[in-house]
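Chains as they are written, first to last, in the working numbering: chain S, 1 to 519; chain B, 1001 to 1519.
Notes follow once the structure below has been shown.
Number of protein chains: 2
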Amino acid sequence: MKPLQPTPPGNLFMAVTALMLPSTAFAQAGHTHTERPNIILFMVDDMGWQDTSLPFWNQRTFYNDRYETPNMERLAAQGMMFTQAYACPISSPSRCSLMTGSNAARHRVTNWTLEKNKSTDLSDDSLALPDWNYNGISRVDGCRNTYKAVSFVNLLQASGYHTIHCGKAHWGAKDTPGENPTHWGFEVNIAGHAGGGPATYLSERCFGNTTDPKKQHKMAIPGLEKYWNTGVFLTEALTREAISALDKAKRYNQPFYLYMSHYAVHIPIDRDPRYFAKYLRKGLSEKEAAYASLVEGMDKSLGDILDWLDQNGESRRTIVIFMSDNGGYATGTQWRDEPLFTQNFPLRSGKGSMYEGGIREPMIVRWPSVVRPKSVCGQYIMIEDFFPTLLEMAGIKHYKVPQKVDGKSFVPLLKGQEKPSRRPLVWNYPNVWGNTGPGISLNCALREGPWKLIYNYKTRRKELYDIPNDIGEAHDLAASRPSLVAKLSKKLGRYLRKMGAQRPSDKRSGRPCPWPDEP
Amino acid sequence: MKPLQPTPPGNLFMAVTALMLPSTAFAQAGHTHTERPNIILFMVDDMGWQDTSLPFWNQRTFYNDRYETPNMERLAAQGMMFTQAYACPISSPSRCSLMTGSNAARHRVTNWTLEKNKSTDLSDDSLALPDWNYNGISRVDGCRNTYKAVSFVNLLQASGYHTIHCGKAHWGAKDTPGENPTHWGFEVNIAGHAGGGPATYLSERCFGNTTDPKKQHKMAIPGLEKYWNTGVFLTEALTREAISALDKAKRYNQPFYLYMSHYAVHIPIDRDPRYFAKYLRKGLSEKEAAYASLVEGMDKSLGDILDWLDQNGESRRTIVIFMSDNGGYATGTQWRDEPLFTQNFPLRSGKGSMYEGGIREPMIVRWPSVVRPKSVCGQYIMIEDFFPTLLEMAGIKHYKVPQKVDGKSFVPLLKGQEKPSRRPLVWNYPNVWGNTGPGISLNCALREGPWKLIYNYKTRRKELYDIPNDIGEAHDLAASRPSLVAKLSKKLGRYLRKMGAQRPSDKRSGRPCPWPDEP
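Listed below in structure tokens is the structure:
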């Protein structure tokens, strides 16, 4: 069958006024609900690879015994676990890659976004930081420092999916078009806005809202007024609203896409009262018990949604994907009180870091009659791979978007057609995050096969790890494998330049920091 | 310049699964805000042609002196009045034609919609009514009795407009996809849902909302919780929310489309406390003073929006269109207490009727540097004409939608290229409305040039009027002009059949009622 001819860009302009052609091919032909699967992407915020009772490593760990996530176990028993699923070290870059399919080096939303025309970078003493896209992504022009793209949700919606956003969005700075989930194709928006975390999970504090708009917390959660002062924890409120939206979707009799994007387990680590006492009894400190309660509250939400699917006869035609957006928080004692940078053990460091603790995510996919239950995939995948994958799941193959899609569909992996991949993955973080620690800020990295190269723009230090044999990144092989380092540096440098990546520059000389393959 | 090739329908299907191609041409190229105008469609509900101090007739009337609409006068002084703007006799048919560009005879949403799979028709003693599209319009399959279409708002949004819905929607029955304005391309939805009228305008009654969902009024207004018990009248609350959305649109720096769709002046005719006393003092009865207060409250909203445009430097690049969706309410004494069917004088009858009182609307267009100020257009236009007109205003010329667009752009009229038109307009109402009166229910009509033919499916009576010379439809010329009646009947019958119109049938014999040109 002949694919649709892509339109030459020149034809997109009209004669009279220079404007864009709108969508010419909205859903036009009949199809019934059963022809296409529902898709639920259950996205957790700041959840580490070990924040679960489900082991993603080759052995059970201390943390697998601490946390209780029975519904993740249930999902894994019915689907496929990915043991090497990657995201960016920070939320906005991951979420912008998810929506656009572009690598963060390309979309340049390399740090977290919040306010219009304001970078969230901390400053560096000797380096000037690049003018990155701190306004996030946008479908339209009109705001500077944005990356222009069409999301896979726009395409799902145009093709006939009912699309539901619930929870954290974090795609565009406040007062830019991308802040609004409906801009990205969501027909329903529950509690999503520019903010990348919750002011508080507590209904007693109205989720951070105040009567005086001037004193409003920037991270106050919008749209959940009916739960204020009810004692319903944020995670639970979002779950109830999502299920109510699913009830509606069922009545619409459309295939649906639910982006269940929890604010949990992002700071502030409030105590989920349903589970907090249990973890105290298990001997955890108050801070760690609070964190464990956030994790289990999130898992309960997953269970409620799986139950809804079962009770509504939708399980068999619904794909459920579990994912997190970056590593677990490990850089401060305000919220965690075990030794710093240990919270993702056996992985090194945590959120913000190029080490595995910052980028490796717990990921599970359940897809009845496609994915083999209880299966495990050891191939690595990257957050931008979700874009082409979800479109393929929805049967959408021919589409045209303004951005370059770097991601590759992992549908073949789901079908068990697993082949060892030498495909390179690329990260770029030429920014300075708020917290410091191992592998955090001003660096870039490449993963290819077993090897991972990390390059620091400031120190110009290179590190090389054999990830399968050294998951904790304890043994830097850079000094002993100089030719491999040179080869990987060259590759990383080439990728970064090809994608239009940004890099810091020296404040005094104005000269850009060398790429990894430059002297 | 070569237009975009339409895709042959066969190519819309993929090889593997029978599904639809999604939009392939979302906004892809750069354009700045200034290249395309903002558009505001200010739509009033159930407002009659004479419910204004602005005369749309060739003389000032009693009602022009009663009502006070200074902002309509202000708009007309800066724009063009249309003295023969038509809609359908009932809300849903008009609004579905507006969104789809299809004539009501074609989209078959010929009566008002509310609940899924339930017709709102009253029954007739001898006629069986057609299985019309009582579920409204929808972009997707999955619900029966819907008309499948893409709205012009979908196209505006895909092309880069920021799209705001405020007020009444009324495009799809509850629990069908079309109930949600976001389904139709609106990025913001303020207070729109399946309901076609307000439970109440009063914040003291929480706009009809109750704490017990089972006792919830079907017409309770959603989403205005913050105005409950504040004393802010519904019309004012919607205006404030619309202006807040405009503030946001300004920050987005996108061209915007605002559908300011007031619930006013639909029943219940609550008293707008800001204006009620004034009309009592003018000597009006309580009911008529309440109605006049609703009208002036609506006009104040128009003024606030015009003020916003002025204060924000957006007037010159914003097109403002004023319109109503059907004639003024004239069929009951519960809400009006002057003689029945006189409320739209000099027009005959009112809402629900095929006489001019049911279908002729007050319409004004302000388009700086295109429309001549203080101009008047006497050409007739029809509600489905808005679809191609608004797309042309936005510079969108080449689009592909699943439905047949019956409407014709009136941009040439706005540009003063006025030519006497012999184009026929068609109405079809094979339904039975809740209220009775002259020209109401079970009929169809044709307007061509000066002539208007009305045919009643039940009585088979035909009426013929010379509208320019008999605006009150007092002199039926059918008996004296039999050959003209035959000619127009033939034309009407042909149009109805061509559009796939529906008609009632005899309950006993099962035979359909004859078309107007059948014996």
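Every residue, glycine too, gets a C-beta built ideally from N, C-alpha and C.
Here the structure is a predicted model, which is why all the values come from computation and not from measurement.
Buried or exposed for residue i, going by 16 or more other Cβ atoms inside 10 Å?
i, result
"lysine 1002 of chain B", "Its pLDDT being 38, under 50, lysine 1002 of chain B is placed unreliably by the model, and the measurement read from it follows with that caveat. Its Cβ having fewer than 16 others within 10 Å, lysine 1002 of chain B is exposed."
"glycine 1500 of chain B", "exposed"
"lysine 300 of chain S", "buried"
"glutamate 1179 of chain B", "buried"
"valine 1401 of chain B", "buried"
"glutamate 286 of chain S", "exposed"
"proline 1213 of chain B", "exposed"
"glutamine 157 of chain S", "buried"
"arginine 1508 of chain B", "exposed"
"glycine 1010 of chain B", "Caution applies to glycine 1010 of chain B, whose pLDDT of 28 falls short of 50 and renders its modelled position unreliable; the model cannot decide the point."
"arginine 139 of chain S", "buried"
"histidine 162 of chain S", "buried"
"phenylalanine 62 of chain S", "exposed"
"glycine 972 of chain B", "As shown, chain B starts at 1001 and ends at 1519. That puts residue 972 of chain B outside it, with no answer to give."
"glutamate 473 of chain S", "buried"
"proline 482 of chain S", "exposed"
"lysine 552 of chain S", "Because chain S in this structure spans residues 1 to 519, residue 552 of chain S falls outside the shown range and cannot be described."
"glutamate 518 of chain S", "exposed"
"alanine 479 of chain S", "exposed"
"histidine 475 of chain S", "exposed"
"arginine 503 of chain S", "buried"
"alanine 1277 of chain B", "exposed"
Among the candidates the options, whose CA atom is the shortest distance from the CA of residue i?
i, options, result
"methionine 260 of chain S", "S:Asp45, S:Asp476 and S:Arg497", "S:Asp45"
"glycine 437 of chain S", "S:Leu309, S:Arg503 and S:Gln343", "S:Gln343"
"tryptophan 367 of chain S", "S:Asp212, S:Glu187, S:Phe276 and S:Lys415", "S:Lys415"
"serine 1421 of chain B", "B:Val1411, B:Gln1403 and B:Gly1449", "B:Gly1449"
"methionine 354 of chain S", "S:Trp308, S:Gly439 and S:Pro362", "S:Gly439"
"asparagine 431 of chain S", "S:Leu41, S:Ser123 and S:Phe56", "S:Ser123"
"threonine 1052 of chain B", "B:Ser1324, B:Thr1211 and B:Ser1441", "B:Ser1324"
"tryptophan 1049 of chain B", "B:Ala1474, B:Gly1327 and B:Gly1407", "B:Gly1327"
"proline 512 of chain S", "S:Ile90, S:Ala128, S:Ala87 and S:Phe345", "S:Ala128"
"lysine 1487 of chain B", "B:Arg1447, B:Arg1503 and B:Ser1505", "B:Arg1447"
"lysine 1077 of chain B", "B:Asn1229, B:Phe1256 and B:Ser1375", "A small fix is needed here, since residue 1077 of chain B is alanine in this sequence, not lysine. Nearest of B:Asn1229, B:Phe1256 and B:Ser1375 to alanine 1077 of chain B, Cα basis: B:Ser1375."
"threonine 230 of chain S", "S:Arg205, S:Gly434, S:Ala249 and S:Asn253", "S:Arg205"
"proline 255 of chain S", "B:Gly1142, B:Phe1186, B:Ile1321 and B:Lys1458", "B:Gly1142"
"proline 1037 of chain B", "B:Asp1125, B:Arg1095, B:Ile1319 and B:Ile1364", "B:Ile1319"
Should residue i and residue j be called a contact, given that it needs their Cβ atoms to be closer than 8 Å?
i, j, result
"asparagine 135 of chain S", "alanine 173 of chain S", "yes"
"valine 1405 of chain B", "leucine 1453 of chain B", "no"
"asparagine 1071 of chain B", "glycine 1332 of chain B", "no"
"isoleucine 221 of chain S", "leucine 234 of chain S", "yes"
"glycine 1208 of chain B", "histidine 1217 of chain B", "yes"
"threonine 120 of chain S", "threonine 113 of chain S", "yes"
"cysteine 377 of chain S", "methionine 43 of chain S", "no"
"tyrosine 1279 of chain B", "alanine 1264 of chain B", "no"
"proline 362 of chain S", "phenylalanine 56 of chain S", "yes"
"methionine 382 of chain S", "tyrosine 86 of chain S", "yes"
"glycine 1350 of chain B", "tyrosine 1329 of chain B", "yes"
"tyrosine 147 of chain S", "histidine 107 of chain S", "yes"
"leucine 496 of chain S", "valine 426 of chain S", "yes"
So with CB distances below 7 Å, who are the chain B contacts of residue i?
i, result
"asparagine 180 of chain S", "Glu1187"
"arginine 251 of chain S", "Asp1175"
"histidine 183 of chain S", "Glu1187"
At 8 Å on the CB atoms, spell out the chain S contacts of residue i, in chain order.
i, result
"cysteine 1143 of chain B", "Tyr252 and Asn253"
Given that residue i touches chain S, what residues does it touch there, using C-beta distances under 7 Å?
i, result
"glutamate 1241 of chain B", "Neighbours of glutamate 1241 of chain B on chain S: none; closest Cβ ~14 Å, over 7 Å."
"glutamate 1225 of chain B", "Glu225"
Identify the contact partners of residue i in chain B, using a Cβ-Cβ distance below 8 Å as the criterion.
i, result
"glutamate 115 of chain S", "Ordered by position in chain B, no residue passes the 8 Å Cβ test against glutamate 115 of chain S, which lies about 12 Å from the chain."
Contact between the region 386-400 of chain S and the region 140-160 of chain S (3+ Cβ pairs under 8 Å): yes
Stretch-stretch touch, CB-based, cutoff 8 Å, three pairs: the region 1370-1385 of chain B with the region 1057-1067 of chain B: no
Touch test, the region 1160-1176 of chain B against the region 1259-1276 of chain B, Cβ-Cβ under 8 Å, three pairs minimum: yes
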